[in-house]
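2 protein chains.
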Amino acid sequence: MQKNNTPKYQVLKAFIIEAIQSKQWLPHEVITSENVLAEQFTMSRHTVRQAIGQLTNEGWLYRVHGKGTFVQEQLPPARKTIGVITTYISDYIFPAIIRGIENVLSQNDCQLMLGCSNQQVDKERQCLESMRNQQVDGLIIEPAKSGMPNPNVDLIQKMIADGLPVLTLQACFDGLEHNYVILDDVQAGVTATKHLLDLGHRRIGGIFKADLAQGQLRYKGFMDAQTKVGISLAEERVVLFVGDETGKSIQTTQYETLLQNVTAVVCYNDLVAVKLMDIIKEKGLKIPEDISIVSFDDSQLATFSEVKLTSVAHPMEALGEKVASEMLSLLAGTKDVVHEKMLLKLIKRQSSKAIDERV
Amino acid sequence: MQKNNTPKYQVLKAFIIEAIQSKQWLPHEVITSENVLAEQFTMSRHTVRQAIGQLTNEGWLYRVHGKGTFVQEQLPPARKTIGVITTYISDYIFPAIIRGIENVLSQNDCQLMLGCSNQQVDKERQCLESMRNQQVDGLIIEPAKSGMPNPNVDLIQKMIADGLPVLTLQACFDGLEHNYVILDDVQAGVTATKHLLDLGHRRIGGIFKADLAQGQLRYKGFMDAQTKVGISLAEERVVLFVGDETGKSIQTTQYETLLQNVTAVVCYNDLVAVKLMDIIKEKGLKIPEDISIVSFDDSQLATFSEVKLTSVAHPMEALGEKVASEMLSLLAGTKDVVHEKMLLKLIKRQSSKAIDERV
DNA sequence: AATTATTTGTGCGTATGTATC
DNA sequence: AGATACATACGCACAAATAAT
């Protein structure tokens, strides 16, 4: 006869759990007493106590001295909580992204735990640590300072190793194999620049954020499109900046040099474009007659401005929905790897015009 | 000799916990074996096992078969998580409110769990249940459909009874004693209306949302200010609506009747005001020359519109910061009751003008 | 109000199995 | 292979809480 390896107390545990799950024993009902169980299962009371003790710790039962042991009410399985860490939460395109995520998650009975890095890696680490602590069931993160090496990769790696599904948004972590949903920012840069080339512009300027991957890639697209048609990149037509999203760090002289050498400008985002429009207006020039402008993101700003902006549309809410539903796939196990790159379309408005029609 | 009531295994447990807390026993170090402990404490090995078993369940120790029992690494105390349920999250003034909350919480080492009711009480209940389940440490909630009886009061009451600090935002739950940080919407209504009265207007119209407390109270202020100066409220000067925040449900004829009978209009919020301005413009009338408009909230819309809006400023971010810091006080125990009503100020812009200067 | 039966809580002794070094 | 550690298992005794008599 083969030896039975399952301990006696495990057998009893399985029996009790089955009785509870099959609703033979109902919540707050007294269960069979320790002595009776010992007799029924031909084991010592001590062994019965071991089984019941463990089930008590596991939340199946509770004991009352002198009365008996009772079935614990089973809490509904906790909703999954998805941690979301973005660089900003309440400005620009971010509310829309978060709305997209929230929509999909709440429709699928998941919860949203929100963190905000403010583009600071130390704040990002804080958020990561506390979410790891809180045992979120999935993590969606938009890397801070995505153009620079990120010191939090080690922590992310640990979390992935622990089996946590991790998805990055808008950018990737360098030197780490992971899931992502990003934008094809190179293609976006090409699209914006090609639009101006098609309109006949040949001296095209660019303003880009250098410390974010998004800025670097849009800049690459900006260059690629021009190289393809044989335009070499002139130093005086490019302004790179870091830090503040609106380009506060850009000097007035930089704007002036730029504007003297171009007929059109590709702007890193709508915020930069709006600021540039103000400067152009101050100089007495007109948009698009004197200078054409194309920007990225197509945020609210693009249509609120006096001259409505031609802009490469950021999917915003759709991106949020996409990343959230991919996260659900990862959680459900229907997907193992998510490598998504979204293509962007240009929205033509009033700020760009063919050069041969210029006054 | 007095009888010692503390069980032996409790004595051992206390000893072990003390050894860990005082760092005499360090994480992942082997502790004294069961047999030795039994000898040292003159108790049976079984009793030692009882103590160690419980400490294992409580996360102090872990056992490895054949090797020994080890000190479990103590996890840093989990950050407090504050649940926040608002009616919207990504539109209008809500991103700013949430930013305010997030600012204060993250500066105080707390986390934000976000839910969104979309002004639906069933969705609100879902959020409440899942947050209760997730054991948040505090709850900040903006009641949905605040002008109507709320079916979730029972659940909130249970959560309060469980000792959970609960704070409502912008509105209160009827028939429930609780903490709140709200706006003085009556005062806001008075302020808006008094501004128009001071400008000489005597036939003042109003558009208000009837299913939210905020709408009802602003309406009350609107009436109070006029009653005080002896103006009786005429039916044809008031439009009440429900549902969609922008007043989609308002009929064209309602707008026409209103505009024929007034020289100025108090609008429930900036969204309604912007829509009304479009209608006035379509009719060939001018703002503020023909019709003055005052609205509430002073959102981005107020300055993005062609004619910049005179609006009673919603504190937005400051409200978020206020409610978050009050929550921290409740958690710290430095406050028991929070009953805050914030006063609002009027921001004068171009949409309101004295009547005797009218063209 | 006191007694009694039942039930869980604490505690000891013993024996054997099994993993680790 | 043997020593040591934890794991499973049985048996017994008494304490303390509860409920019914």
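Going down the list, the protein sequences come from chains U and F. My numbering puts the first residue of the first sequence at -4, with every later residue one more than the last. My numbering puts the first residue of the second sequence at -4, with every later residue one more than the last. Cβ atoms here follow ideal geometry from the backbone N, Cα and C, with glycine treated the same way.
Check: Local Cβ density within 10 Å of Gly216(U), reported as buried at 16 or more and exposed below that; Outcome: buried
Check: Min CB distance Leu109(F) to chain U below 7 Å; Outcome: yes
Check: Other residues of its chain near Arg353(U): CB distance less than 8 Å, five sequence neighbours each side excluded; Outcome: Caution is warranted here: a pLDDT of 44 is assigned to Arg353(U), below 50, making its placement in the model unreliable, and no coordinate value can be reported.
Check: Interface positions of the segment 115 to 143 of chain F facing chain U (Cβ-Cβ less than 7 Å), listed along the chain; Outcome: Ser125, Asn128 and Gln129
Check: Any alpha helix (DSSP H) of 4 or more consecutive residues that is wholly inside the segment 81 to 157 of chain F; Outcome: 89 to 102, 116 to 128 and 148 to 156
Check: Contacting positions in the segment 43 to 56 of chain F - beta carbon closer than 7 Å to chain U; Outcome: Asn52
Check: Buried/exposed call for Ala156(U), threshold 16 Cβ in 10 Å; Outcome: exposed
Check: CB contact flag (Lys8(F), Leu50(F), <7 Å); Outcome: yes
Check: Residues sharing a beta bridge with Lys343(U), DSSP; Outcome: Lys343(U) is not bridged to any residue.
Check: Residues sharing a beta bridge with Met337(U), DSSP; Outcome: Leu178(U)
Check: Segments assigned beta strand (DSSP E), at least 3 residues, entirely inside the segment 280 to 342 of chain U; Outcome: 287 to 292, 305 to 308 and 334 to 337
Check: Below-7 Å beta-carbon distance, Arg40(F) vs any chain U residue; Outcome: no
Check: Neighbour flag for Ile93(U) against chain F, beta carbons, 7 Å; Outcome: yes
Check: Within-7 Å CB hit, Gln69(U) to chain F; Outcome: no
Check: For Leu162(U), three-class secondary structure by DSSP; Outcome: strand
Check: Beta-carbon separation (whole angstroms), Val99(F) vs Ser320(F), contact threshold 8 Å; Outcome: 5 Å
Check: C-alpha gap between Lys(-2)(F) and Val6(F), whole angstroms; Outcome: Residue placement at Lys(-2)(F) is flagged as unreliable, the pLDDT there being 44, under the threshold of 50; a coordinate-derived value is accordingly withheld.
Check: Under 8 Å (Cβ pairs) to chain F, residues found in the segment 59 to 83 of chain U; Outcome: Leu70, Pro71, Ala73, Arg74 and Thr76
Check: Given Gln102(F) as reference, the closest of Cys111(U), Asn103(U), Leu107(U) and Thr298(U) once Cα atoms are compared; Outcome: Cys111(U)
Check: Nonlocal neighbours in the same chain, by C-beta distance under 6 Å from Leu323(U), ignoring five residues either side; Outcome: Asn103
Check: Proximal residues of chain U, C-beta to C-beta of Glu97(F) below 9 Å; Outcome: Ile84, Ser85, Leu109, Gly110 and Cys111
Check: As assigned by DSSP and simplified to three states, the class of Phe217(F); Outcome: helix
Check: Own chain, CB closer than 8 Å to Leu21(U), minus 5 neighbours either side, in chain order; Outcome: Val66
Check: Close Cβ partners of Gly210(F) (< 6 Å) along its chain, the five nearest in sequence each way excluded; Outcome: Phe203, Lys204 and Tyr263
Check: Touching by the beta-carbon criterion (3+ pairs, under 8 Å), the segment 82 to 100 of chain U and the segment 58 to 72 of chain U; Outcome: no
Check: Among Thr241(F), Asp180(F) and Val333(F), nearest to Pro310(F) - alpha-carbon criterion; Outcome: Asp180(F)
Check: Cα-Cα separation, Gln255(F) to Val302(F); Outcome: 21 Å
Check: Interface residues of chain F facing Gln165(U) [CB-CB closer than 7 Å]; Outcome: The premise fails here: Gln165(U) is roughly 17 Å from chain F at the closest Cβ pair, so nothing lies under 7 Å.
Check: CB contact check: Gln5(U) to chain F, cutoff 7 Å; Outcome: no
Check: Whole-angstrom distance between Ala166(U) and Asn145(U), CA atom to CA atom; Outcome: 12 Å
Check: Which listed residue (Ile350(F), Lys343(F) and Val307(F)) has its alpha carbon closest to that of Met337(F); Outcome: Val307(F)
Check: Chain-ordered chain U contacts of Phe299(F) [CB-CB under 7 Å]; Outcome: Phe299
Check: Ala349(F), DSSP secondary structure in three states; Outcome: coil
Check: Contact list for Pro90(U) against chain F, beta-carbon separation under 9 Å; Outcome: Ile84, Ser85, Asp86, Phe89, Pro90 and Ile93
Check: Boundaries of the alpha helix (DSSP H) in which Thr42(U) is found, first to last residue; Outcome: Arg40 to Asn52
Check: Chain U contact for Gln106(F) (CB, 7 Å cutoff); Outcome: yes
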